[in-house]
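Student:
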Amino acid sequence: DGYRNTNQVSDDYRYQDGNYDAPNDGYYRGRDEPAQEEDAQSDVTEGHDEDDEVYEGEYQGIPHPDDIKEKQKKRAPAVDDEYRDRADLMAERMEDEEQLAHQYENIIEECGHGRFQWTLFFVLGLALMADGVEVFVVGFVLPSAEKDMCLSSSNKGMLGLIVYLGMMVGAVLLGGLADKLGRKQCLIISLAINAAFAFLSSFVQGYGFFLFCRLISGLGIGGTLPIVFAYFSEFLSREKRGEHLSWLCMFWMIGGIYASAMAWSIIPHYGWGFSMGTKYHFHSWRVFVLVCALPCIASLVALKFMPESPRFLLEIGKHDEAWMILKQVHDTNMRAKGEPERVFTVSYIKTPKQVDEFIEIQSSTGTWYQRWLVRITTTLKQVWDNVLYCLTAQYRMNTLMLAVVWFTMALSYYGLIVWFPDMIRYFQDEAYESRVKIFDEEEVSHFTFNFTLENQIHRNGEYRNDKFIGMKFKEVRFEDSLFEDCYFEDVRSSETFFENCTIISTVFYNTDLYEHKFINCRLINSTFMKEKEGCHIDFEEDNDFLIYLVSFLGSLSVLPGNIISALLMDKIGRIKMIGGSMLISAVCCFFLFFGNSESAMIGWQCLFCGASIAAWNALDVITVELYPTDKRATAFGILNGLCKVGAILGNSIFSSFVGITKVVPILLASSALVGGGLLALRLPETREQVLM
């Protein structure tokens with residue numbers, strides 16, 4: 001009648017209290033069972049000594065074929081699955097997953113923590129390092145790229161935000177695919193996309209194509225974060241998980257340090273490159289973009305030698321592949337410990353009931369693109385179902401609380417990370433303007449200017465028969481002045497303007513004094529000949545050294561926080577780590593009211609980054625542990641995508657108040673951190689639970 005007793009034992013062994021009890025089915029299972037009568041066993045055992053029998057694959061850890069067949073028979077359901085209710089199948093699957101979670105924890109403990117995990121640690125660390133590099137690349141190349149591509153302020157703002165937009169989409173899409181196609185495969189796809197388009201972006205000349213390449217590059221690298229943490233966590237035991245996931249987070253810091261050091265050593269050498277005619281230029285900042293792709297390429301190559309997550313393989317029913325990988329982990333670690341003789345004792349691992357409907361089209365059905373279209377749409381539908389599953393009653397509250405914590409953390413952190421350099425630059429501009437030299441009613445005639453004029457204001461001056469040859473105006477303003485019979489040749493200028501001036505019988509030859517630099521001026525019998533080619537936009541002269549130094553110190557300052565969080569993650573728990581770190585970071589924000597100089601702002605930035613990194617690490621760990629294996633990367637991708645939304649808003653909001661007020665950014669950041677930190681204290685603690 002289709003009825004199935006839920007108390008029936010479907011396996012050879014039922015998991016209870018860390019052991020497996022044998023069913024009482026009359027077969028010989030151990031010495032505790034009553035001995036059979038001699039007559040009943042004499043025919044079977046005659047001439048055969050069971051103690052001396054050794055299966056030839058036993059020393060290789062391969063289960064005996066007869067044992068496998070017997071287990072498969074006993075696992076066969078009494079009723080065909082197509083006649084059973086989906087709720088019954090899901091209930092059976094959940095029971096299987098719970099048994100698998102505890103058994104898998106015991107298997108990972110038997111495999112130990114050693115050479116294999118450390119090798120995977122460095123391979124995945126390079127991928128995480130590539131993610132950290134990607135965040136800094138655009139900010140470092142903008143001062144140089146804006147001149148090559150003639151970027152306006154709006155273009156620069158879009159270029160800065162497009163990377164976060166790509167990372168947001170990549171986190172959700174590739175994170176979801178990792179739960180369907182596998183951790184390793186999707187991580188390879190993610191890194192390959194990033195490496196290919198990062199490499200391509202260093203050669204393109206146009207702004208539009210460069211913007212597109214950085215968008216797709218960001219999409220690729222956006223998938224690394226959710227996949228890396230889900231991947232690595234499934235090779236760690238409960239006692240090691242919090243600590244070693246926190247150590248893994250250090251590679252994001254290393255990525256920031258690497259990007260700062262490479263920018264510092266490469267970009268200022270503007271001559272490092274080549275030109276092809278007048279249209280194609282490959283300058284030093286493009287070399288920097290290429291160098292920044294190296295961690296991604298290195299991780300991509302090394303990942304080819306790493307296995308798929310066995311936990312994922314068990315989830316989709318690939319028992320034998322998972323068993324072989326776990327044996328590889330065990331043997332690698334035992335050989336490294338000097339115990340190669342130790343045998344992997346696991347012969348069978350529980351696999352959950354498979355209830356998903358996979359559509360496989362025969363090669364003779366339809367055209368190739370129709371078959372691929374069906375596969376793609378089916379996979380995307382499964383990803384979307386996983387997204388919705390994270391909002392079901394079982395996970396809704398945890399997902400919403402985590403979403404708020406991720407968002408508030410990203411809003412304050414990324415907002416302040418952009419605000420700090422902007423404030424430092426604002427203090428520099430104020431100091432520069434305070435040193436301006438003002439010249440009133442000066443009269444100069446028959447004089448040749450062949451040197452740089454910088455940070456000056458000339459009012460009511462008269463210049464007759466003067467020559468301005470091979471010189472540069474930098475931050476120079478002429479107001480209500482007269483130029484008569486003057487000659488300008490080979491003149492460059494930045495932030496230079498003529499206001500309410502009268503210019504009579506003057507020649508401008510090969511200069512960049514374009515029309516928009518003459519404001520309300522009277523030009524009488526004046527001639528402009530052979531204007532300089534190139535961009536007509538005035539660019540701010542950035543102190544590149546200070547930009548690199550601030551980023552370098554900000555990245556380095558998280559080292560103490562990383563070490564503390566790694567050592568204490570499994571001792572005080574994830575929740576206290578998140579709440580405490582966010583509340584301490586909020587207190588650090590209030591000290592920013594006293595940051596009235598460049599050195600003070602750099603110091604408070606380092607303090608804030610060092611205090612907040614523990615919250616980031618604990619968020620990564622708890623997000624991994626709160627969701628089951630078949631939803632883990634999807635949930636992480638959703639929350640990380642929401643984090644990028646917070647980053648975009650934080651960048652836009654905080655930068656708009658630079659030079660206006662410090663009150664709004666400081667109060668917004670501190671209130672967001674306090675609210676998120678208090679809400680984080682209501683999340684469930686996951687320190688003692690196994691990975692479901």
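Counting with the UniProt record's numbering, you get residues 1 to 692 for the letters of the sequence shown. Don't be surprised by glycine CBs; every beta carbon is placed ideally from N, CA and C. Computed from a predicted structure; not experimentally measured.
Report the residue from P310, E475, K467 and C501 whose alpha carbon sits nearest the alpha carbon of V507.
Tutor: K467
Student: Does the Cβ of D179 have 16 or more other Cβ atoms within 10 Å, making it buried, or fewer, making it exposed?
Tutor: buried
Student: Can you find at least 3 beta carbon pairs, one from the segment 551 to 565 and one from the segment 604 to 623, that sit closer than 8 Å?
Tutor: yes
Student: Helix, strand or coil for Y487 per DSSP?
Tutor: strand
Student: Could you compute how far the alpha carbon of D131 sits from the alpha carbon of N520?
Tutor: Linking D131 to N520 through their CA atoms gives a straight-line distance of about 50 Å.
Student: Would you say the segment 283 to 292 touches the segment 259 to 267, given that touching needs at least three Cβ pairs under 8 Å?
Tutor: yes
Student: For the structure I just gave you, are there three or more beta carbon pairs, one from the segment 226 to 241 and one from the segment 193 to 212, closer than 8 Å?
Tutor: Judged by pairs of C-beta atoms under 8 Å, the segment 226 to 241 does not touch the segment 193 to 212, as fewer than three such pairs exist.
Student: Within 8 Å, do at least three Cβ pairs link the segment 320 to 331 to the segment 303 to 310?
Tutor: yes
Student: Compare the beta carbon distance of residue 711 and E598 with 7 Å and say whether it is the shorter of the two.
Tutor: Absent from the structure is residue 711, since the part of the chain shown begins at 1 and ends at 692.
Student: What do you reckon, are the CB atoms on A647 and S412 nearer than 7 Å?
Tutor: no
Student: Could you name the residues of the same chain whose beta carbon sits closer than 6 Å to that of I438, not counting the 5 residues immediately before and after it, in chain order?
Tutor: I457
Student: V476 lies in the alpha helix (DSSP H); which residues open and close that run?
Tutor: Not the alpha helix (DSSP H): V476 falls in the beta strand (DSSP E), residues K472 to E479.
Student: Rounded to whole angstroms, what's the CA-CA distance from V368 to E515? Just pull it up for me.
Tutor: For clarity, residue 368 is Trp in the given sequence; the question names Val instead. Distance between the alpha carbons of W368 and E515 is about 59 Å.
Student: Tell me, please, which residues DSSP counts as bridged to H446.
Tutor: Looking at the DSSP assignment, H446 forms no beta bridge with any residue, so it has no partner.
Student: Between W372, I107, H446 and N651, which has its C-alpha nearest residue 693's C-alpha?
Tutor: With the chain represented from 1 up to 692, any question about residue 693 goes unanswered, as that position is not in the structure.
Student: Quick check: what's the CA-CA separation for Y164 versus R371?
Tutor: 33 Å
Student: Find the nearest neighbour of L181 within the set D331, L673, L313 and F518, judged by alpha-carbon distance.
Tutor: L313
Student: In three-state DSSP terms, what is G26?
Tutor: Annotation note: pLDDT 37 at G26 (below 50); position unreliable, no value reported.
Student: Between the Cα of R342 and the Cα atoms of K318, S655 and C111, which residue gives the shortest distance?
Tutor: C111
Student: Please report the straight-line C-alpha distance between T408 and A615, rounded to a whole angstrom.
Tutor: One C-alpha to the other measures close to 12 Å.
Student: For S493 versus D480, is the C-beta distance shorter than 7 Å?
Tutor: Result no, Cβ atoms of S493 and D480 do not sit closer than 7 Å.
Student: Buried or exposed: where does A393 fall if 16 or more other Cβ atoms within 10 Å of its Cβ makes it buried?
Tutor: Under a 10 Å Cβ-count criterion, A393 is classified as exposed, with fewer than 16 other Cβ atoms of the shown protein chains found around its own Cβ.
Student: Would you identify the three-state DSSP class for D385, choosing helix, strand or coil?
Tutor: helix
Student: Which two residues bound the contiguous beta strand (DSSP E) that contains K631?
Tutor: Segment: none, K631 is in no beta strand (DSSP E) and carries neither H nor E.
Student: From the beta carbon of T224, is the nearest beta carbon of chain D less than 7 Å away?
Tutor: This model lacks chain D altogether, as it is built from one protein chain only.
Student: Would you call A672 buried or exposed, if buried means 16 or more other Cβ atoms sit within 10 Å of its Cβ?
Tutor: When all chains shown are included, A672 counts as buried.
Student: Per DSSP, H330 forms a beta bridge with which residues?
Tutor: According to DSSP, H330 bridges with nothing at all.
Student: Determine the extent of the beta strand (DSSP E) in which H458 is found, giving its start and end residues.
Tutor: L453 to R459
Student: Using the C-alpha atoms, what's the distance from A101 back to L567?
Tutor: 25 Å
Student: Applying the 10 Å Cβ sphere with the 16-neighbour rule, what's the burial state of K631?
Tutor: Around the beta-carbon of K631, 16 or more other beta-carbon atoms lie within 10 Å, marking it buried.
Student: Would you decide whether L219 is buried or exposed? Buried here means 16 or more other CB atoms lie within 10 Å of its CB.
Tutor: buried
Student: Between G125 and N510, what straight-line distance do the alpha-carbon atoms span, to the nearest angstrom?
Tutor: In a straight line, the C-alpha of G125 is about 53 Å away from that of N510.
Student: To which residues does DSSP link Y514 through a beta bridge?
Tutor: DSSP lists no bridge partner for Y514.
Student: Within its chain, find whatever has a CB closer than 7 Å to the CB of E685; leave out the 5 residues flanking it on each side and keep chain order.
Tutor: The residues are G573, R574 and I575.
Student: Suppose the cutoff is 8 Å on Cβ atoms and the five residues either side in sequence are ignored; what does the same chain contact list for I613 look like?
Tutor: C249, M253, V558, G561, N562, S565 and S581
Student: With D485 and I469 assumed to form a contact (beta carbons below 8 Å), what rounded beta-carbon distance in angstroms separates them?
Tutor: In fact, because the Cβ distance is near 15 Å, the residues do not count as touching under 8 Å.
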